[in-house]
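Enquirer: Under the working numbering, residues 106 to 351 are what the sequence shown spells out, in order.
Using N, Cα and C, we set each Cβ at its ideal position, and we do this for glycine too.
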Amino acid sequence: MENLGASLRQARIAKNISLETVENETRIRKVYLQAMENEQWRVLPGEAYLRGFLRTYARYLGQDEEEYVEALNKIMVPWQVKEPVPEKIDLPGRPKRKNAFLFAVLAIIILFGSQYVYRNYFAPLPNNNTPPVQQNEPPAELLNPNDATPEPPEAPQEVTDIDLLIKVTANRCWMQIRSSGQVIYEGTLSAGQEIAYENLPNVSFRMGNSKDTQVYLNGVQLTAFTVDVVDKEYTVIDGAVVEVLE
106 MENLGASLRQ
116 ARIAKNISLE
126 TVENETRIRK
136 VYLQAMENEQ
146 WRVLPGEAYL
156 RGFLRTYARY
166 LGQDEEEYVE
176 ALNKIMVPWQ
186 VKEPVPEKID
196 LPGRPKRKNA
206 FLFAVLAIII
216 LFGSQYVYRN
226 YFAPLPNNNT
236 PPVQQNEPPA
246 ELLNPNDATP
256 EPPEAPQEVT
266 DIDLLIKVTA
276 NRCWMQIRSS
286 GQVIYEGTLS
296 AGQEIAYENL
306 PNVSFRMGNS
316 KDTQVYLNGV
326 QLTAFTVDVV
336 DKEYTVIDGA
346 VVEVLE
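(1) Between the C-alpha atoms of V148 and G157, what's the straight-line distance to the nearest angstrom?
(2) For my contact list, V334 and R132 are in at a C-beta cut-off of 8 Å; report their separation, rounded to the angstrom.
(3) Pick out whichever of I214, L327, G218 has its Cα sitting closest to the Cα of L269.
(4) Counting only the same chain and skipping the five closest in sequence on each side, list residues whose C-beta sits under 7 Å from that of L350.
(5) Is A301 helix, strand or coil by DSSP?
(6) Could you give the DSSP three-state label for L211: helix, strand or coil?
(7) Spatial neighbours of E348 within its chain, please: CB distance less than 8 Å, with the 5 preceding and 5 following residues excluded, ordered by chain position.
(8) Mark G353 as exposed unless 16 or more other C-beta atoms lie within 10 angstroms of its C-beta, in which case mark it buried.
(9) Is there contact between the segment 268-285 and the segment 307-317, where contact requires at least three CB pairs shorter than 8 Å?
(10) Just mark L155 as buried or exposed, buried being the case when its beta carbon has 16 or more other beta carbons within 10 Å.
(11) Return the first residue and the last residue of the beta strand (DSSP E) that I342 is part of.
(12) Does the separation of the CB atoms of D343 and T274 fall below 8 Å?
(13) If V264 and V341 are in contact, beta carbons under 8 Å, what's the gap, nearest whole angstrom?
(14) From the DSSP secondary-structure annotation, give me the bridge partner or partners of I267.
(15) Indicate the three-state DSSP secondary structure (helix, strand or coil) for G167 in the structure shown.
(16) Using CA atoms only, rank isn't needed, just tell me which of E142, E128, V136, E303 is closest to A116.
(17) Would you mind sorting K272 into buried or exposed? The rule is 16 or more other CB atoms within 10 Å of its CB.
(18) Inspect the beta-carbon positions of E144 and K135 and report whether they are closer than 8 Å.
(19) Considering S295, what are the terminal residues of the beta strand (DSSP E) in which it resides?
(20) Count the other CB atoms within 10 Å of the CB of L109; is the residue buried (16 or more) or exposed (fewer)?
(21) Identify, in the order they occur along the chain, each residue of the same chain with its Cβ nearer than 6 Å to the Cβ of P189, setting aside the five sequence neighbours on each side.
(22) For Q115, name the three-state secondary structure that DSSP assigns.
(23) By the three-class DSSP mapping on this structure, what secondary structure does R147 have?
(24) Quick check on the burial criterion: 16 or more other C-beta atoms within 10 angstroms. Buried or exposed for Y137?
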């Protein structure tokens, strides 16, 4: 296939569809749609995401997506990432969960150790002059269990904010993360890298090549994605994390 970008543009014009309509229905930003139609491949965030966007766009226009990807593979030249991506990004001034876990384990060890030392070396000896139990007292096993006051169940902890963790398991993944209407991260992560944010009032993210990622909210992994490009938003309502649906 020659003039791959022109073919996309002609298919869109033939259906009388604007770029704004395609952006709203495919979740692919207009600047990337224009870049594909103009064959400006370096505008796209990466090779893996370019293929994902191209498949989605061709499928939306009713074209043979495999034919477009095959044509792209013949003309595309790999490019280098401009800036290195950190292995993990944490918000400044917020405690790391790993350190909090280590402090908790250390506190438990100290607590049990102090109890052991007290019982074995400092606890007073039992008093042998303690009067015997009266014979008319019923044994403990005969007491009515209903007489005991049951302890109230522990109330579930209310969720007030969101902790986000995204891991890339294969290839590379471009993503944009927003909270309270502000972009807090936009870039590309490679396989084995991850990004984490804590104490967010709400969060939304858009990712390409999302099938090669694992997403956790407050430590709970979301269901694996089955499409190339996803656009999700979550917030806290009535003490629980819920997905905001359009």
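Expert: Put simply:
(1) A direct Cα-Cα distance of roughly 14 Å separates V148 from G157.
(2) Between R132 and V334 the Cβ distance is about 6 Å, and since that is below 8 Å, they are a contact.
(3) Residue L327 is the option with its Cα nearest to L269.
(4) No residues qualify anywhere along the chain.
(5) In this structure, DSSP gives A301 an extended state, which the three-state scheme calls strand.
(6) Helix.
(7) Same-chain partners within the cutoff: K337, E338, Y339.
(8) The chain is shown from 106 up to 351; residue 353 falls before or after that span and cannot be answered.
(9) Judged by Cβ distances under 8 Å, the segment 268-285 makes contact with the segment 307-317, as three or more pairs qualify.
(10) The residue in question, L155, is buried, as its Cβ has 16 or more Cβ neighbours within 10 Å.
(11) Segment 334-342, the beta strand (DSSP E) holding I342.
(12) With contacts defined by Cβ atoms closer than 8 Å, D343 and T274 do not form a contacting pair.
(13) Confirmed, Cβ separation roughly 6 Å.
(14) Per DSSP, L305.
(15) The answer is coil: DSSP assigns G167 none of H, G, I, E or B.
(16) Closest by alpha carbon: E142.
(17) The residue in question, K272, is buried, as its Cβ has 16 or more Cβ neighbours within 10 Å.
(18) Contact: no.
(19) Here the beta strand (DSSP E) through S295 covers 287-295.
(20) Taking every protein chain shown into account, the CB of L109 has 16 or more other CB atoms within 10 angstroms, so this residue is buried.
(21) Low local confidence applies: a pLDDT of 45 at P189 is under 50, so the model's placement there is unreliable, with the coordinate-based value given in what follows. Counting only Cβ-Cβ distances below 6 Å, and skipping sequence neighbours, we find nothing.
(22) Reduced to three states, the DSSP call for Q115 is helix.
(23) The three-state reading of DSSP puts R147 in helix, counting H, G and I together.
(24) Its Cβ being crowded by 16 or more others within 10 Å, Y137 is buried.
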